[in-house]
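Presented below is the structure to which this report refers.
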Amino acid sequence: MSPRGGHLKDEGSKLQVVTAGAIAGLVSRFVVAPLDVVKIRLQLQPYSLSDPLAPLREAPAYRGTVHTIKHILKHEGITGLWKGNVPAELMYVCYSAVQFTAYRSTTVFLQTALPGNRRLPDSAETFVAGAVSGAAATSATYPLDLLRTRFAAQGRQRVYSSLRGALRDIRRDEGVRGFFRGLAPALGQIVPFMGIFFASRYVYSDIPVYTSAVRALRAIYATEGLRGLYKGLPISLIKAAPASTVTLWTYERSLKLMMSWDENEGEASL
Numbered sequence: 001m002s003p004r005g006g007h008l009k010d011e012g013s014k015l016q017v018v019t020a021g022a023i024a025g026l027v028s029r030f031v032v033a034p035l036d037v038v039k040i041r042l043q044l045q046p047y048s049l050s051d052p053l054a055p056l057r058e059a060p061a062y063r064g065t066v067h068t069i070k071h072i073l074k075h076e077g078i079t080g081l082w083k084g085n086v087p088a089e090l091m092y093v094c095y096s097a098v099q100f101t102a103y104r105s106t107t108v109f110l111q112t113a114l115p116g117n118r119r120l121p122d123s124a125e126t127f128v129a130g131a132v133s134g135a136a137a138t139s140a141t142y143p144l145d146l147l148r149t150r151f152a153a154q155g156r157q158r159v160y161s162s163l164r165g166a167l168r169d170i171r172r173d174e175g176v177r178g179f180f181r182g183l184a185p186a187l188g189q190i191v192p193f194m195g196i197f198f199a200s201r202y203v204y205s206d207i208p209v210y211t212s213a214v215r216a217l218r219a220i221y222a223t224e225g226l227r228g229l230y231k232g233l234p235i236s237l238i239k240a241a242p243a244s245t246v247t248l249w250t251y252e253r254s255l256k257l258m259m260s261w262d263e264n265e266g267e268a269s270l
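Quick note on numbering: my numbering labels position 108 of the sequence shown as 108, and the sequence is numbered without any gaps.
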């Protein structure tokens with residue numbers, strides 16, 4: 001760890017940072033994939049305040065986390081819990097690699113650009129680096145996130161039969177902008193979250209179509225009420241802890257292992 005308190009700043013080479021980040025993303029995604037599928041199914045199931053029994057008359061009807069898991073296992077098999085995992089694995093590998101690289105580069109930049117008394121406090125420096133890394137990683141991998149979400153939302157009736165077909169259909173029907181649909185609210189969520197996440201770690205060592213985020217909020221609130229804006233929240237909270245823990249644990253262990261290999265090779269060559 002670095003002498004200034006042990007954050008993930010200046011340890012390892014750039015290649016080691018990228019590799020460790022990619023491994024962390026790969027492992028983390030595989031562990032939490034079922035929870036992610038459940039969350040997406042719950043989020044994308046419409047619910048009407050005027051006709052609350054409507055979802056029960058239309059299959060599939062997901063009534064809570066446990067029921068959703070049972071429903072998927074019954075009708076789609078255990079592999080249904082990993083639907084969309086191919087683009088998701090690519091996304092998490094790329095996301096983590098970009099995130100940790102951007103985090104390291106940002107902290108190094110802040111340390112050199114603001115030397116001496118002008119230097120930001122450690123917590124502020126970590127917050128800025130976390131926010132920048134989250135924005136960079138989200139923007140770079142958003143098309144994969146969109147593909148992952150659409151595949152995970154598919155039940156027995158498939159819209160996209162393959163990853164290649166999905167790419168072709170989205171490009172044809174929605175254009176290039178279609179791959180970045182919903183990026184603005186995603187950045188609005190991830191920038192403060194990742195800033196606070198890294199700063200906290202340092203301190204404590206029929207799916208509706210919406211044309212904009214504002215219209216989506218209005219439509220969901222009008223038809224489903226305030227509770228509609230928090231669909232899938234319990235499973236999201238359950239997923240967040242293991243996902244973050246697995247990511248950081250795997251990253252640190254992978255990085256230390258690669259650094260240890262380099263040290264052993266250096267000693268052997270002497």
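Backbone N, C-alpha and C define an ideal beta-carbon position, used for all residues, glycine too.
Exposed unless 16 or more other CB atoms sit within 10 angstroms - verdict on residue i
| i | result |
| --- | --- |
| L114 | exposed |
| L15 | exposed |
| H71 | buried |
| N85 | buried |
| Q189 | exposed |
| G21 | buried |
| Q157 | exposed |
| R29 | buried |
| V108 | exposed |
| T106 | buried |
| G25 | buried |
| K74 | exposed |
| A184 | exposed |
| I23 | buried |
| R171 | exposed |
| I40 | buried |
| I69 | buried |
| S13 | exposed |
| G64 | exposed |
| D262 | exposed |
| T112 | exposed |
| N264 | exposed |
Euclidean distance between Cα positions of residue i and residue j
| i | j | result |
| --- | --- | --- |
| V66 | F151 | 21 Å |
| M258 | E174 | 43 Å |
| M194 | A129 | 9 Å |
| L147 | Y160 | 10 Å |
| L110 | A199 | 15 Å |
| A166 | L42 | 22 Å |
| A33 | K83 | 8 Å |
| V27 | N117 | 41 Å |
| C94 | P87 | 10 Å |
| Y202 | T141 | 26 Å |
| A131 | P143 | 20 Å |
| E76 | F180 | 29 Å |
| E252 | I196 | 19 Å |
| S260 | S254 | 10 Å |
| A153 | L44 | 7 Å |
| T19 | S133 | 16 Å |
| I78 | T250 | 25 Å |
| S244 | R104 | 18 Å |
| Y62 | D36 | 14 Å |
| L248 | D169 | 36 Å |
| V38 | L81 | 8 Å |
| F127 | P192 | 8 Å |
| R164 | T149 | 15 Å |
| K256 | V17 | 10 Å |
| R119 | L90 | 36 Å |
| L187 | S162 | 28 Å |
| D145 | Y92 | 9 Å |
Span of the alpha helix (DSSP H) around residue i
| i | result |
| --- | --- |
| R29 | 14-43 |
| V108 | 85-113 |
| S133 | 122-153 |
| T65 | 65-76 |
| G165 | 163-174 |
Quiz item: Between the stretch 128-138 and the stretch 89-100, do at least 3 Cβ pairs fall closer than 8 Å?
Solution: yes
Quiz item: How about the stretch 116-127 and the stretch 168-187: do they share at least three Cβ pairs that are nearer than 8 Å?
Solution: no
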